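Terminal number for the sequence shown in our numbering: 110, no gaps in between. Written below as structure tokens is the structure these notes are about.
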Amino acid sequence: MRRTQLGELPREPFAWMGSDNTTGPYRVSLKSPRSGALFGGMFLTGSAFVGALVLQDPTPGAIIAGTVVTVIFAGLGIFLLVMAVARRRWIVACRRASSQWAIGLV
Numbered sequence: 005m006r007r008t009q010l011g012e013l014p015r016e017p018f019a020w021m022g023s024d025n026t027t028g029p030y031r032v033s034l035k036s037p038r039s040g041a042l043f044g045g046m047f048l049t050g051s052a053f054v055g056a057l058v059l060q061d062p063t064p065g066a067i068i069a070g071t072v073v074t075v076i077f078a079g080l081g082i083f084l085l086v087m088a089v090a091r092r093r094w095i096v097a098c099r100r101a102s103s104q105w106a107i108g109l110v
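This is the structure we're talking about:
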């Protein structure tokens, strides 16, 4: 990752997230790092729950299906957590570059 010069704004990670205009009562925005981390944690919790359910029914079909679902949920959860960390670091860098950090407006 390239260091930014003083006053230069860093590039936004996952820029497609910042341009998403969600409307409607049931749409959830993942623009904030907090919401991304929350959904990532929920997916990881869901994958642990599915993994626990698989252990209770040890038939081969249930083990295969449960493992696939667990891996998909866990992968999505980890991806969302990594995205949340990257976007949080970007927000902090933007605040520092725009000098809001120095005057205490953070």
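By construction, the Cβ of each residue, glycine as well, lies at the ideal position given by its N, Cα and C atoms. Model, not experiment: these values are computed from the prediction.
- Where the alpha helix (DSSP H) through residue 51 begins and ends: 37-60
- Let me know if residue 62 comes out buried or exposed under the rule of 16 or more other beta-carbons within 10 Å of its beta-carbon. Residue 62 should be labelled exposed.
- Keeping to the same chain, check which residues put their C-beta closer than 8 Å to that of residue 45; ignore five residues upstream and five downstream. Same-chain partners within the cutoff: 81 and 85.
- With 16 other CB atoms within 10 Å as the buried threshold, where does residue 91 fall? With 16 or more other Cβ atoms from the protein chains shown falling within 10 Å of its own Cβ, residue 91 counts as buried.
- Item | Own chain, CB closer than 7 Å to residue 65, minus 5 neighbours either side, in chain order | none
- Query: Counting along the chain, where does the alpha helix (DSSP H) carrying residue 63 start and finish?
  - Reply: Element bounds for residue 63: n/a, residue is neither H nor E.
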